[in-house]
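Encoded as structure tokens, the structure appears first; notes follow it.
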Amino acid sequence: EFGMTPFHILFSSSEPSEELVEVLLYRFPYYVLGWKDANGKLAMDYLVTNWTGENKILLEMALQSWMLSRLTSWGATLWMEVMQSKVQAVLAEEDKEQRKTLC
-19 EFGMTPFHIL FSSSEPSEEL VEVLLYRFPY YVLGWKDANG KLAMDYLVTN WTGENKILLE
41 MALQSWMLSR LTSWGATLWM EVMQSKVQAV LAEEDKEQRK TLC
């Protein structure tokens, strides 16, 4: 009904667990992170909205799995390096609204 994946549920919780993120990233294929819920949000949107130092680590883990691991497996190292710098820009951005546009 809500179209939420386990990532949506975890990332929208008040204190998502890094260990549980690791389990989910291992258990589910990377493309599940690209699924939107009934509100049109990616699971990672909840981390960006509820920004904390802890969520910054979780977002980095999710982006690593969703984008960078795929690019590495394709042998697209130059593209991966470009995307890695974009991920770092998202993580370093302190302005919430600007961070949303980067994601």
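Using our numbering, the letters of the sequence shown map in sequence onto residues -19 to 83.
Ideal placement from N, C-alpha and C gives every residue a C-beta, glycine not left out.
Item	Value
For the alpha helix (DSSP H) containing N35, list its first residue and its last residue.	33 to 43
What is the C-beta distance between S45 and L(-10), in whole angstroms, given that I count them as a contact (C-beta under 8 Å)?	About 14 Å separates the two Cβ atoms, so there is no contact after all.
By the three-class DSSP mapping on this structure, what secondary structure does K21 have?	coil
Going by C-alpha to C-alpha distance, which of G55, S(-6), M(-16), T57 sits closest to L38?	S(-6)
Need the endpoints of the alpha helix (DSSP H) that L(-10) sits in, please.	-14 to -9
Hey, F12 and F(-13): beta-carbon distance below 8 Å or not?	Phe is not the amino acid found at residue 12; the sequence shown has Val there. Contact: yes.
Are M24 and M47 closer than 8 Å when you measure CB to CB?	no
Which residues mark the beginning and the end of the alpha helix (DSSP H) in which V1 is found?	-2 to 7
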